[in-house]
Amino acid sequence: KNQVEQSPQSLIILEGKNCTLQCNYTVSPFSNLRWYKQDTGRGPVSLTIMTFSENTKSNGRYTATLDADTKQSSLHITASQLSDSASYICVVSAILGFQKLVFGTGTRLLVSP
Amino acid sequence: DTEVTQTPKHLVMGMTNKKSLKCEQHMGHRAMYWYKQKAKKPPELMFVYSYEKLSINESVPSRFSPECPNSSLLNLHLHALQPEDSALYLCASSPVGRATGELFFGEGSRLTVL
Numbered sequence: 001k002n003q004v005e006q007s008p009q010s011l012i013i014l015e016g017k018n019c020t021l022q023c024n025y026t027v028s029p030f031s032n033l034r035w036y037k038q039d040t041g042r043g044p045v046s047l048t049i050m051t052f053s054e055n056t057k058s059n060g061r062y063t064a065t066l067d068a069d070t071k072q073s074s075l076h077i078t079a080s081q082l083s084d085s086a087s088y089i090c091v092v093s094a095i096l097g098f099q100k101l102v103f104g105t106g107t108r109l110l111v112s113p
Numbered sequence: 001d002t003e004v005t006q007t008p009k010h011l012v013m014g015m016t017n018k019k020s021l022k023c024e025q026h027m028g029h030r031a032m033y034w035y036k037q038k039a040k041k042p043p044e045l046m047f048v049y050s051y052e053k054l055s056i057n058e059s060v061p062s063r064f065s066p067e068c069p070n071s072s073l074l075n076l077h078l079h080a081l082q083p084e085d086s087a088l089y090l091c092a093s094s095p096v097g098r099a100t101g102e103l104f105f106g107e108g109s110r111l112t113v114l
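Heads up: the protein sequence lines correspond to chains R and D, in order. Here our numbering is used: the first residue of the first sequence is 1, the next is one more, and so on. Here our numbering is used: the first residue of the second sequence is 1, the next is one more, and so on.
In structure tokens, the structure reads:
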């Protein structure tokens, strides 16, 4: 069964600190893995998209890693800001004639002053 | 222009009303999607249009009727909805035929069914 699991479910950190969010998946055949940021009541915004051959990809203070062998990904946020408070969703794409997206349940991050 | 625009942002309707949600993109994407998202849950796929033709219907009740009048527009017609249909409805678009095609989401339409 295609599944994406994220941990932790929620996280509170102090402003300026770093944090790492985890994503484990069992999606086949794998196409790519994406991290989205979603503010409450808004649409998801893409942070990174990684294919099988990519290990690391950065977008400003966001760095995603992918280990296709262990089927794990992480999203590292450096020097957190209050505006980083949001849900972070890991989405894995399978190729089934079209792109079938499997969504994780997300990690709710709260950055506290 | 990398935007997917959804209107209205908020909609309140009764169970006997007929309303529509609209979505527009000008990125030349030929795949467009409707997702439904309940609070604290991930988005759930409803429909996929590819080249203006309905490709996927994830067993959505017929009270939701999608329409793709042209390559830039996607509508979701609503009729005889139930209170449990209250949710955030997200439109998205992506290129067709590219395995790593980025999926762009709109800001969503918040629907409340009374």
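For glycine and all other residues, C-beta sits at the position ideal for the given N, C-alpha and C. As the structure is a prediction and not an experimental result, all values here were calculated from the model.
Taking the Cα of Tyr35 (chain D) as reference, the smallest distance to any Cα among D:Lys53, D:Thr16, D:Pro95 and D:Ala87 is reached at D:Ala87. Looking at the DSSP output, Cys23 (chain D) bridges to D:Gln6 and D:Leu74. For Phe64 (chain D), the nearest beta carbon of chain R is not closer than 8 angstroms to its own beta carbon. In this structure, D:Asn57 is the residue among D:Lys40, D:Asn57 and D:Leu78 with its C-alpha nearest to the C-alpha of Val48 (chain D).
Taking a C-beta distance under 8 angstroms as the contact criterion, Thr48 (chain R) and Lys37 (chain R) do not qualify as a contact pair.
DSSP places Leu82 (chain R) within a helical segment (H, G or I) once states are collapsed to three.
Asn55 (chain R): not part of any beta strand (DSSP E); DSSP gives it neither H nor E.
Contact between the stretch 9-20 of chain R and the stretch 75-94 of chain R is present: three or more C-beta pairs spanning the two stretches fall below 8 angstroms. Across the structure, Ala86 (chain R) and Ser112 (chain R) are spaced so that their CA atoms are roughly 12 angstroms apart. In this structure, the beta-carbon distance from Met15 (chain D) to Val113 (chain D) falls below 8 angstroms. As computed with DSSP, His76 (chain R) is found in a beta bridge with R:Thr20 and R:Thr63.
Rounded to the nearest whole angstrom, the CA to CA distance from Thr7 (chain D) to Cys23 (chain D) is 7 angstroms. The DSSP-derived three-state label of Pro61 (chain D) is coil. Listed by position along chain D, the residues whose Cβ is nearer than 8 angstroms to that of Arg42 (chain R) are Glu107 and Gly108. Residues of the same chain with a CB within less than 7 angstroms of the CB of Ile12 (chain R), apart from the 5 flanking positions on each side, are Leu110 and Ser112 in chain order. In terms of beta-carbon proximity, Gly60 (chain R) stays away from the interface with chain D, with every pair separated by 8 angstroms or more. Checking the DSSP bridge columns, you'll see Gln3 (chain R) partnered with R:Thr26. Going by C-alpha positions, Pro69 (chain D) is about 27 angstroms away from Gly41 (chain R).
Residues Asn2, Gln3, Val4, Tyr25, Val27, Val91, Val92, Ser93 and Ala94 of the same chain have their beta carbon placed closer than 8 angstroms to that of Val102 (chain R), with the five preceding and five following residues left out of the count. Scanning its chain for C-beta atoms nearer than 6 angstroms, with the 5 sequence neighbours on each side dropped, one finds around His79 (chain D) the residues Lys18 and Arg63, in chain order. Taking the Cα positions, Gly28 (chain D) is about 12 angstroms away from Glu52 (chain D). Taking 8 angstroms as the cut-off, the beta carbon of Leu33 (chain R) is found no closer than this to the beta carbon of Leu75 (chain R). Contact of Leu73 (chain D) with chain R is not assigned, every C-beta pair being separated by 8 angstroms or more.
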